[in-house]
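See structure below.
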Amino acid sequence: MTQRCERMVIDGALDSAALLPWVERHARKLGLEQTVCQADATRLILELTGPEELIDAMEIGCLLGPIDVWVDAIERSVKHG
Numbered sequence: 019m020t021q022r023c024e025r026m027v028i029d030g031a032l033d034s035a036a037l038l039p040w041v042e043r044h045a046r047k048l049g050l051e052q053t054v055c056q057a058d059a060t061r062l063i064l065e066l067t068g069p070e071e072l073i074d075a076m077e078i079g080c081l082l083g084p085i086d087v088w089v090d091a092i093e094r095s096v097k098h099g
């Protein structure tokens with residue numbers, strides 16, 4: 019599987035105290051490298067590195083994520099350089 023780096027922007031009603039540890043655990047289980055660029059009550063911006071299929075799985079996981087988090091939208095873009 020080819021490695022790629024993507025930026026994932028998650029918008030919604032986000033409880034970062036619940037979401038951040040969940041994101042870190044889920045990324046680790048999938049074998050993805052992740053960096054949190056921004057985290058607040060309405061937006062989480064991540065940089066993820068790994069196979070595209072596993073980044074897809076991370077996106078689905080975030081949509082279904084912790085019960086006290088409501089995701090309105092996820093926007094992904096390939097990071098170049």
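Sequential numbering of the sequence shown, starting at 19, is according to our numbering.
Heads up, the beta-carbon is just placed ideally off N, CA and C, and yes, glycines get one too.
Taking C-beta atoms under 8 Å as the contact rule, Leu48 and Leu72 qualify, at a distance of about 5 Å.
The DSSP-derived three-state label of Val27 is strand. Taken through DSSP and simplified to helix, strand or coil, Asp74 comes out as helix. Counting only the Cα atoms, Ala35 lies some 23 Å from Arg94.
By a beta-carbon distance limit of 8 Å, Thr20 contacts Glu70. Their separation comes to about 7 Å. Unbroken alpha helix (DSSP H) runs of no fewer than 4 residues, entirely contained in the segment 31–85, are found at 34–48 and 70–82, following chain order. As the crow flies, the alpha-carbon of Met26 is around 10 Å from that of Val54.
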